[in-house]
Amino acid sequence: MVSSRKKLSMKAQRNIVGYIFVAPALLFFVIFVLIPLVLSLVLSFFQTDMFFMDMEFIRLDNFKRVFQDSLFWRSIVNILLYTLMAVPLNVICSLVLASLVNTRLSGAKVFRVLFYLPSITSSVAASTVWLWLMNPSYGLLNNILNAIGLPSATWLSHSKTALASVTLITVWQGVGSNMIIFLAALQNMPAQVYEAAKLDGAGPITVFFRMTVPLIAPTMYFILTMTLIGAFQLYDQVYVLTSGGPANSTLTPVYLIWQNSFGDNAGPQAGYAAAQSFVLFVIIMLVTVLVRRFDRDNSK
Amino acid sequence: MENTKILAPSSPEAKREHRRKLGKKIASRALLYIVLILCALVMVLPFYWSIITSFRPKEEILKLPVTWFPSRFTLEHYAYVFETIPFWEMLGNSLFTTCVGLFTNLFFGSLAAYAFSKIRFTGHKVIFNILLSSMMIPGVITLIPTFFVLLRFPLAGGNNLFGQGGIGFYDNLAAVILPGAIGVYGIFFMRQFFASLPDDMAESARMDGANEFIIYFRIYLPLVVPGLLTLGIFTFQSGWNNFMWPNIVLQSPENQLLTMAFKFFKTPTQVDYGPLMAVSLLMSVPILILYIFMQRYFVQGVALGGVKD
Amino acid sequence: MKKQLISAVLSLAVVTGLCACKGGATANDYSQYEDGRLVLNIWAPDQYAGSAVKQKFQGFLDKFNETDEIKELGVKLKFQAMTQLPTSLRTACMSGPQKMPDIVIWDRFATPSNTSYLLPFDDMIAEDNVDTSKFFEEAYSELTVDGQQYGLPLDADPWGIYINMDLVDAYNATAADADKIDVDGLNTWTELLETAEKLTVRDGSTVTRSGLNTTSADGQFFSFIYTGTGELIDTDKDSETYGDTVMKEGASGMMNDGQSLRVYDTLAFFQELYTKNLCNTGHGGTDAFGNGLCAMTYGSIYFPQELSGYALKNYKMIPYPARDRTYLQGENNAEVLDPEAEDKFGMQNGQVGGMLGGYGLTIPQPVYKSMQTEEWQSHVDKAWEVIKLWLMNDEMNELYFTENEAITCRQDLWTNDFYSQDGVIKDIIPYLQNYKMRPGVAGYETFESSVVRSEIQALREGSQTVLTTYGDIRSQGNTLLRQAQGRS
Numbered sequence: 005m006v007s008s009r010k011k012l013s014m015k016a017q018r019n020i021v022g023y024i025f026v027a028p029a030l031l032f033f034v035i036f037v038l039i040p041l042v043l044s045l046v047l048s049f050f051q052t053d054m055f056f057m058d059m060e061f062i063r064l065d066n067f068k069r070v071f072q073d074s075l076f077w078r079s080i081v082n083i084l085l086y087t088l089m090a091v092p093l094n095v096i097c098s099l100v101l102a103s104l105v106n107t108r109l110s111g112a113k114v115f116r117v118l119f120y121l122p123s124i125t126s127s128v129a130a131s132t133v134w135l136w137l138m139n140p141s142y143g144l145l146n147n148i149l150n151a152i153g154l155p156s157a158t159w160l161s162h163s164k165t166a167l168a169s170v171t172l173i174t175v176w177q178g179v180g181s182n183m184i185i186f187l188a189a190l191q192n193m194p195a196q197v198y199e200a201a202k203l204d205g206a207g208p209i210t211v212f213f214r215m216t217v218p219l220i221a222p223t224m225y226f227i228l229t230m231t232l233i234g235a236f237q238l239y240d241q242v243y244v245l246t247s248g249g250p251a252n253s254t255l256t257p258v259y260l261i262w263q264n265s266f267g268d269n270a271g272p273q274a275g276y277a278a279a280q281s282f283v284l285f286v287i288i289m290l291v292t293v294l295v296r297r298f299d300r301d302n303s304k
Numbered sequence: 231m232e233n234t235k236i237l238a239p240s241s242p243e244a245k246r247e248h249r250r251k252l253g254k255k256i257a258s259r260a261l262l263y264i265v266l267i268l269c270a271l272v273m274v275l276p277f278y279w280s281i282i283t284s285f286r287p288k289e290e291i292l293k294l295p296v297t298w299f300p301s302r303f304t305l306e307h308y309a310y311v312f313e314t315i316p317f318w319e320m321l322g323n324s325l326f327t328t329c330v331g332l333f334t335n336l337f338f339g340s341l342a343a344y345a346f347s348k349i350r351f352t353g354h355k356v357i358f359n360i361l362l363s364s365m366m367i368p369g370v371i372t373l374i375p376t377f378f379v380l381l382r383f384p385l386a387g388g389n390n391l392f393g394q395g396g397i398g399f400y401d402n403l404a405a406v407i408l409p410g411a412i413g414v415y416g417i418f419f420m421r422q423f424f425a426s427l428p429d430d431m432a433e434s435a436r437m438d439g440a441n442e443f444i445i446y447f448r449i450y451l452p453l454v455v456p457g458l459l460t461l462g463i464f465t466f467q468s469g470w471n472n473f474m475w476p477n478i479v480l481q482s483p484e485n486q487l488l489t490m491a492f493k494f495f496k497t498p499t500q501v502d503y504g505p506l507m508a509v510s511l512l513m514s515v516p517i518l519i520l521y522i523f524m525q526r527y528f529v530q531g532v533a534l535g536g537v538k539d
Numbered sequence: 006m007k008k009q010l011i012s013a014v015l016s017l018a019v020v021t022g023l024c025a026c027k028g029g030a031t032a033n034d035y036s037q038y039e040d041g042r043l044v045l046n047i048w049a050p051d052q053y054a055g056s057a058v059k060q061k062f063q064g065f066l067d068k069f070n071e072t073d074e075i076k077e078l079g080v081k082l083k084f085q086a087m088t089q090l091p092t093s094l095r096t097a098c099m100s101g102p103q104k105m106p107d108i109v110i111w112d113r114f115a116t117p118s119n120t121s122y123l124l125p126f127d128d129m130i131a132e133d134n135v136d137t138s139k140f141f142e143e144a145y146s147e148l149t150v151d152g153q154q155y156g157l158p159l160d161a162d163p164w165g166i167y168i169n170m171d172l173v174d175a176y177n178a179t180a181a182d183a184d185k186i187d188v189d190g191l192n193t194w195t196e197l198l199e200t201a202e203k204l205t206v207r208d209g210s211t212v213t214r215s216g217l218n219t220t221s222a223d224g225q226f227f228s229f230i231y232t233g234t235g236e237l238i239d240t241d242k243d244s245e246t247y248g249d250t251v252m253k254e255g256a257s258g259m260m261n262d263g264q265s266l267r268v269y270d271t272l273a274f275f276q277e278l279y280t281k282n283l284c285n286t287g288h289g290g291t292d293a294f295g296n297g298l299c300a301m302t303y304g305s306i307y308f309p310q311e312l313s314g315y316a317l318k319n320y321k322m323i324p325y326p327a328r329d330r331t332y333l334q335g336e337n338n339a340e341v342l343d344p345e346a347e348d349k350f351g352m353q354n355g356q357v358g359g360m361l362g363g364y365g366l367t368i369p370q371p372v373y374k375s376m377q378t379e380e381w382q383s384h385v386d387k388a389w390e391v392i393k394l395w396l397m398n399d400e401m402n403e404l405y406f407t408e409n410e411a412i413t414c415r416q417d418l419w420t421n422d423f424y425s426q427d428g429v430i431k432d433i434i435p436y437l438q439n440y441k442m443r444p445g446v447a448g449y450e451t452f453e454s455s456v457v458r459s460e461i462q463a464l465r466e467g468s469q470t471v472l473t474t475y476g477d478i479r480s481q482g483n484t485l486l487r488q489a490q491g492r493s
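Chains as they are written, first to last, in my numbering: chain A, 5 to 304; chain B, 231 to 539; chain C, 6 to 493.
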């Protein structure tokens, strides 16, 4: 009896300590995630400006409007296209780079630093640099192309190439950090596995696909999910590089929602912007679940 | 693994074999280097170009054909940057917001992470999963309400208890710090570290009647320093690069962050590439220094860290 | 456990305290004084205060602040260029007077969407008997929304076509007499097309020197519509379709309505410009014009200040030429009209002119009535006096415009010496009465920036036809305009 009561009180004590430890995090979560989330949901049922003046309850009209809004769906198509290009490219490139620098070559560390360099600059700074590189007449890229006898590319100034150019920039910037994560996973791999494979006479390519890839699958999944969620939130680059143009070809949902919430011409769109962001949330969730399902099927 | 245990060749045939292997090895290594150097060029070229542009005289920037080196080095663009924007104030603001955010994220994040993984209080799983799933929420959802919450924050910036009368945290650096002060990613990341440590250290310390905070602070925290450093770099980076939100909540020139500096050199009709390159380089220097110093811990931290789950 | 609680609370408190200290303003520092004078803050958008203009504006303020009149008012003016003016102003007005500017240099055409935080001037105008008839009517009415006046116009900023005269002279030196370019006679769309062709230099199909900058034509749409004496938005309050685009649905609607026809013709004319291959995509910027890579481009009256850093000094500004082409017979089958004649819809075919931009002086107000304190009111009183002095005092008005090299909206001053000196200002003033502001309906700016612009970009890239572009602008435009105006 005594011991069980003591145990109980210990459990209670533990709970209290535990709650105290997580209290600050929870407090901030409630204030800056939960409350705003609920407010935003409420907002999405109203026609209102960001001042919350003249609020008019319009039920589901904002959501109906989202489904009829060709600009919003254009932005969703854009972001899906972008995700399809950027995420695989990013994952593949970072894995290749990680394998390349995961050697005992002298200088491998230097290459690691060089490859990671783009990741540490801010997206804003990187975008301004690329804006200059992709300048149609004075930019370095077109001048290099011309120097080797190729015609100039339109880069950011044509709707056919703009999104691909943005992808190029974000991949350039993103591979470094994913490379580090892959590298960490590769270095964690047991050496015996490779020894055994080598004895069996497997070539490096076979080893890579038969041994390495399955072993780092969890890391791959982690990177895939994080890159995916990140890709859906593309904003900074678009803000600096294209403002969503030309011909809306780089318009992203986050950029559009930002424009409707705080942009120069926002007007009475706060409720509508909230509705748009919830639809975007649902889409992100669906895609993430889809990827998870796919991943599970694959790893069976 | 390199095969280093090749026996000394004895017969001529073995010698030939040895030479062949050696040649193959050198060739493959050379190829590897070529690939690495090519990749490095792609990664570094933009930096080179922005550095060169920032030191090029103005009249040479928009001149064809482009040249790989400036005819002379000039600091005019840097001078113009320092003239146009309150650079040091912006730098100070960026450092301040980033460092406070760094501290809160590391401290409160690891505290919560410790509790989630080592205290196992009732409901820790549920709460943790709720936190975790919030990572999927796109930030734009809460854009307007968060602004409202900060503006009407009780007792801040002249507000009364009901959030009326003042300006809350509007145009205050706190408005940049607070929403990201305790990130879910940090908790998730640190929890992985704590989870990889044995529980019995805590158990025995508790038996000895040690205070739980002391157990966290004295016993476990020192063991997760690589994780803290890695998370530190990530947090510093995201704080330093914060752009969308400060754009909304900060307004006075003395409260601007460094990420907002580029806007002063790029208007819808005109882009001043010289100063723009100078300012983007200046923006990157502090974080570059930080990275070079922390580089050593970095991969190690990620390796130990949170990506297995 | 207590210790843990205390330490957690303490560190939280320290962090919050730290945040609050740094940059934490209290309610008391709203009114600031310098040399015993109340500081009034002026905000200007960055595109207005771009590097060259900013220095000139500061130059004006330095002089203005030293005048006896300003000293007598007991105020001192300070100026701040804002990179995102409407956004910052909106959040500031939501937070209250403390962070608000006292005077805003306001892009006039954005007025209808933003009246909730701009102070109406009507009472003050009436009380002080301000003679508003001195203002250029078109600019003045751009600040009028639903009968309320939200500011007074500062500058008249006509847009037009800038021509590199060095290139024209070089062309004329070798051309046969019949082919010579007469810039003063460049009055119609057809002549613009021909002149652009003459000035274009190609290497194979690659344009090495652009005759006319067509890459930024998307921003000139309204100007060209207006050179057909047309409209883009129905601004007739009594009309059933008030606030919609003027465009009628479908090809038949388009051909049988004067307004719609003009929108269609403009789009078809743009397409003709694009297909003529007159412009290299790399020649869209100021640098291309300044470096002689592009012979003609579009610009505002402030464009010369942007050009000051380039070698080019010999250029001329003309208004947009009049519409003299119609495409009733098909997109590729232009018919040349007499611009002065009237068509069967009773509208004149064309007229030189274009779009009038420009800024006004406005006073922002806190969004919530409870924030409109007496202290704020005292700032407003001073700000109003400053605006009156700045605009209605002839000497001060002239001081501002000579410093800034721009055109005042006080049309009674246009005969002054300053406006008759050789240069783009003198050249364009005779045409000013032909210029027209953008449509004064809520949502127009979004319509222009996110519908018209992107649709015309798509047209330029050849990814859609004139008819599709027309249909898209119409349907997307109407939806957007109705939403912005709160109609369903």
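Even glycine gets a Cβ: it sits at the ideal position worked out from N, Cα and C.
Taking a contact to require three or more Cβ pairs closer than 8 Å, the segment 490-504 of chain B and the segment 418-431 of chain B do not qualify as touching. Counting along the chain, the unbroken beta strand (DSSP E) around C:M301 starts and ends at M301 to G304.
Leaving aside the five residues that flank B:L361 on each side, the residues in its chain whose CB is nearer than 8 Å to its CB run, in chain order, V414, I417 and F418.
For the segment 105-129 of chain A, the residues whose beta carbon sits under 9 Å from a beta carbon of chain B are, in order, V105, T107, R108, L109, G111, A112, K113, V114, F115, R116, V117, L118, F119, Y120, L121, P122, S123, I124, T125, S126, S127, V128 and A129. For C:D112, the three-state secondary structure derived from DSSP is strand. Between B:M437 and B:I449, the C-beta spacing is not below 7 Å. Its chain contains W48, T367 and P369 as the residues whose beta carbon lies nearer than 6 Å to that of C:V109, once the 5 sequence neighbours on both sides are disregarded; these appear in chain order. Along the segment 241-262 of chain A, going in chain order, the ones with a CB nearer than 7 Å to a CB of chain C are G249, P250, A251 and N252. Distance from the Cα of C:P344 is smallest, within the candidate group C:T193, C:S121 and C:T72, for C:T193. Each of C:M360, C:F274 and C:A273 was checked against the Cα of C:Y440, and the nearest Cα belongs to C:M360.
Apart from sequence neighbours up to five positions away, the residues of its chain that approach C:G190 with a beta-carbon distance below 8 Å are E196, ordered along the chain. Note that the C-beta distance between A:M89 and A:T223 is not below 7 Å. With fewer than 16 other beta carbons inside 10 angstroms of its own, C:T420 counts as exposed. For C:Y167, the beta-bridge partners assigned by DSSP are C:T302 and C:M322. Taking 4 residues as the shortest admissible run, the segment 119-146 of chain A contains the following complete alpha helix (DSSP H) segments, listed from N- to C-terminal end: 127-137. Separation of A:V295 and A:P140 (C-alpha to C-alpha, rounded to the nearest whole angstrom) is 38 Å.
Here C:G64 is exposed: its Cβ has fewer than 16 other Cβ atoms, across all protein chains shown, within 10 Å. With fewer than 16 neighbouring CB atoms inside 10 Å of its own CB, A:F71 falls in the exposed class. Close to B:F423, with beta-carbon spacing below 8 Å, lies no residue of chain C; the smallest spacing is near 20 Å.
Taking a beta-carbon distance threshold of 7 Å, C:Q85 does not count as an interface residue toward chain A. Counting every other CB atom within 10 Å of its CB across the protein chains shown gives C:S244 a total below 16, marking it as exposed. Note on geometry: alpha-carbon atoms of B:I267 and B:L261 lie some 10 Å from one another. A direct Cα-Cα distance of roughly 24 Å separates C:N70 from C:G363. Interface criterion met: the Cβ of B:I517 is under 7 Å from a Cβ in chain A. Relative to A:T165, the option among A:I80, A:K15, A:L245 and A:F33 whose CA is nearest is A:L245.
The DSSP-derived three-state label of C:K81 is strand. Per the DSSP secondary-structure output, C:D160 pairs in a beta bridge with C:T413. Under DSSP, C:P369 forms a beta bridge with C:L123. Beta-bridge annotation (DSSP): C:L45 is paired with C:L82. Going by C-alpha positions, C:T179 is about 39 Å away from C:T407.
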